[in-house]
Amino acid sequence: MKKGQVLEAEVDRVDFPNKGIARTEEGTVVVKNSLPGQLIQFSVNKVRKGKAEGRLLEVLKKSPLEKGRPCSHFGVCGGCNYLSLLYEDQLRIKEEQVKRLLDGALSAQAEDWRWEGIKASPVVYEYRNKMEFSFGDEVKDGPLALGMHKRGSFYDVVTVDDCRIVDGDYRLILTAARDYFAARGVQFFHKLTHRGYLRHLLVRKASRTGEILTALVTTSQGLCGEGTAAEQTAEEWTAERELLDGFRETLLSLEREGKLSGRFAGILHIVNDSLADVVKSDRTEVLYGREYFYEELLGLRFKISTFSFFQTNSHGAEVLYETVREYVGNPQGTKAADSAGKVQPAGDVRPDKVVYDLYSGTGTIAQLMAPAAKKVIGVEIVEEAVEAARRNATENGLDNCEFIAGDVLKVLDGIADKPDLIILDPPRDGIHPKALPKIIGYGVERIVYISCKPTSLARDLEAFLAGGYRVEKAVAVDQFPWTGNVECIVCIQKIRDKKD
């Protein structure tokens, strides 16, 4: 197989997260964004050490599995991989992906472990509670677009006004914002020239409370699309002010006219002059309401600000966190919240136990464990998330939670209270290799590892096995229907000598 060749093949399977495995007479090749059973045409763009990678050119024949109902953007937008499949077939593919990875990682484990399959998301369409839309154009010098990047493109943007993984409020807000700025000829920020005004539209909506937080992200260049804020004239400042006021009123009119199912908690203007294509704030102005909204989860109430981490599928998060509680040690499977919404204790967490919640985010897991523990200590590197966790714990009446801002690798040595149980929920890249020995060194009986990237989990599990632990059981949880992502929860037990 040579670089530049154009070949045809049928896809056997898909490895995590979107790597189609196709077999040809000349060998096996990985072709991203293909589906099992598809006949595809691809060009070979890399051959190294006997492994080949290809770029998908065309689907010559659909897979027999493609019986779903994709939206009008499917295949163009880079958001969803499996929308053309039935949900049960997508679940099976994800389950097989995770099981293959864990089988490989645990091949050295002497004792058997229990695979508990995959848990479905309670809601499979319109489930996301956060979207970051980009301003741009779909073709060079085309009309203003607002949505997601085209699959495989860094520049082109597709207006995803038919997106099925968000509810109708997102689609209405997106369309209203795009039409408002397009009618006024406002320019988007061009990544090559670094000139322009419009960058992103961030929309967050609480699935339980219905509160909506929307943020328009622009540069400081003003409507002229060049220079800096300090260089704008009084007329330019006035024009920008009028534009932002009109944007606010355009969104609020959707609520006043009864078109939205939710209601605005806040509308913000964020200024970001970073050259990187990320949503961040150099300066934030509240155009309406407040800078945060509230969401409810398993009997707890969470105050969420613009950049606070929170699971993007609130309904799926309840399945995820209830499973975590069961893995902590609850053989009866008692739910985290009773019928009245009151948080229930976790089985293996007792009033004399100290729990570490490492990579704790806004402290959701820590607060679910707190009612039954002596103390829960959360460690999180994002200071804003730590501040949110502290506020949320106070609002939920929990006084035995301590949240520490810092890198897990650097913070652990300074914590006086030693853990009886450790819960890990690291970022996608997994646990820092130098932090793993410290975590293993505590020698706790049980560790519960939550992973949003099974390949990182598989790598880290090898270190736990080498450090005297074994995997007792594992389960996948589909938090992200139709995409290539999946969560996994693993219960890790300390191996004790028989004399112990």
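Residue numbering for the sequence shown follows my numbering, starting at 725 and increasing by one per position.
We treat Cβ as the ideally placed atom computed from N, Cα and C, and that holds for glycine.
Source: prediction; values computed, not measured.
Might you give, ordered along the chain, the residues of its own chain that have their beta carbon closer than 7 Å to the beta carbon of Val890, omitting 5 neighbours on each side? Spatial neighbours of Val890 in its own chain (CB-CB distance under 7 Å, excluding positions within 5 residues in sequence) are listed in chain order as Glu850, Arg852 and Met855.
Exercise. Locate the beta strand (DSSP E) running through Thr942, then write down its first and last residues.
Key: Note, Thr942: beta strand (DSSP E), Glu935 to Thr942.
Exercise. Tell me, which residues are paired with Asp1081 by DSSP?
Worked result: As a beta-bridge residue in DSSP terms, Asp1081 pairs with Gly1102 and Ile1147.
inquiry  = Which of the three DSSP states is assigned to Ala1096 in this structure?
reply    = It is helical.
What does the alpha-carbon distance come out to for the pair Lys726 and Val753?
Between the alpha carbons of Lys726 and Val753 lies a gap of roughly 11 Å.
**Request:** Give a yes or no on whether the C-beta atoms belonging to Arg1007 and Ile994 are separated by under 9 Å.
**Result:** For the pair Arg1007 and Ile994, the CB atoms are nearer than the 9 Å cut-off.
Ignore the nearest five residues each way along the sequence and tell me which others in Gly986's own chain have a CB closer than 7 Å to its CB.
Around Gly986: Asp893, Lys929, Gly934, Glu935 and Ile936.
_Assumed close pair Val1199, Ile1213 - CB separation to whole angstroms, cut-off 8 Å_ = About 5 Å separates the beta carbons of Val1199 and Ile1213, which is inside the 8 Å limit, making them a contact pair.
Taking the C-alpha atoms as reference points, what is the distance between Val1187 and Ala1140? It is Ala, not Val, that sits at residue 1187 in the sequence shown. Going by the C-alpha atoms only, they are around 25 Å apart.
Q. What's the gap between the Cα of Lys1158 and the Cα of Lys1134?
A. In a straight line, the C-alpha of Lys1158 is about 10 Å away from that of Lys1134.
C-beta atoms of Ala1097 and Ala1117 nearer than 9 Å:
Taking a C-beta distance under 9 Å as the contact criterion, Ala1097 and Ala1117 do not qualify as a contact pair.
**Asked** What alpha helix (DSSP H) runs, 4 residues minimum, are completely inside the stretch 1133–1201?
**Response** DSSP runs (the alpha helix (DSSP H)) wholly in the stretch 1133–1201: 1159–1165 and 1178–1190.
For this session: Starting from Val730, follow the alpha helix (DSSP H) in both directions and report where the run begins and ends.
Result: That residue, Val730, is in no alpha helix (DSSP H); its beta strand (DSSP E) goes Val730 to Asp739.
Note to self: Cutting at 6 Å between CB atoms, please list the residues of its own chain near Pro1205, excluding the five before and the five after it.
What the structure shows: Spatial neighbours of Pro1205 in its own chain (CB-CB distance under 6 Å, excluding positions within 5 residues in sequence) are listed in chain order as Ser845 and Val848.
task = Give the range of the beta strand (DSSP E) segment to which Gln762 is assigned.
result = In this chain, Gln762 is not harboured by any beta strand (DSSP E), its DSSP state being neither H nor E.
**Asked** If you draw a straight line from the alpha carbon of Leu1011 to that of Trp837, how long is it in whole angstroms?
**Response** In this structure, the CA atom of Leu1011 is about 54 Å from the CA atom of Trp837.
Closest by CA to Tyr1166, which one among Cys1176, Pro1178 and Ile1146? Selection Cys1176, Pro1178 and Ile1146 evaluated against Tyr1166 yields Ile1146 as nearest (Cα-Cα).
Subject >> Proximity below 9 Å, CB of Ala829 to CB of Leu1136 >> reply: At the C-beta level, Ala829 and Leu1136 stay beyond 9 Å of one another.
Bridge partners of Pro869, per DSSP?
Sequence inspection shows Ala at residue 869; the Pro mentioned does not correspond to that position. For Ala869, the pairing in a beta bridge is given by DSSP as Gly860.
Exercise for review: Report all residues from its chain with a CB closer than 6 Å to the CB of Gly728; omit the five preceding and five following residues, and keep chain order.
Suggested key: Leaving aside the five residues that flank Gly728 on each side, none in its chain has a CB nearer than 6 Å to its CB.
To the nearest whole angstrom, what separates the beta carbons of Leu1148 and Ile1171, a pair I think is in contact under 8 Å? About 7 Å; that satisfies the 8 Å criterion.
query = Where do the ends of the beta strand (DSSP E) carrying Gln1217 lie?
reply = Taken as a continuous stretch (DSSP letters only), the beta strand (DSSP E) holding Gln1217 covers Glu1211 to Lys1218.
When Leu968, Ser1005 and Ile991 are compared against Asp997, the one with the closest alpha-carbon: Of the candidates Leu968, Ser1005 and Ile991, Ser1005 places its Cα closest to the Cα of Asp997.
Using only CA atoms, which one of Gly876, Gln1091, Arg980 and Phe913 lies nearest to Gly1023?
Taking Gly1023 as reference, the option from Gly876, Gln1091, Arg980 and Phe913 with the minimal CA-CA separation is Gln1091.
Sequence ranges, beta strand (DSSP E) only - wholly within the stretch 970–1038, length at least 3: Runs found: 987–995, 1007–1013, 1016–1021 and 1024–1029.
- Message: Rounded to the nearest angstrom, what separates Val881 and Arg747 at their Cα positions?
- Response: Between Val881 and Arg747, the C-alpha separation is close to 33 Å.
**Item:** Whole-Å CB distance - Val800 paired with Arg895, under 8 Å assumed
**Value:** At roughly 16 Å, the Cβ-Cβ gap does not stay under 8 Å, so Val800 and Arg895 are not in contact.
Answer yes if the stretch 761–778 comes into contact with the stretch 864–879, meaning at least three C-beta pairs across the two stretches below 8 Å, and no otherwise.
The stretch 864–879 makes no contact with the stretch 761–778: fewer than 3 CB pairs, one atom from each, lie closer than 8 Å.
Report the CB separation of Val1052 from Lys843 in whole angstroms; it is logged as a contact under 8 Å. 16 Å between Cβ atoms; not a contact.
Considering just the uninterrupted stretch of the beta strand (DSSP E) at Val927, what are its terminal residues? Val927 -> beta strand (DSSP E) spans Leu922 to Lys929.
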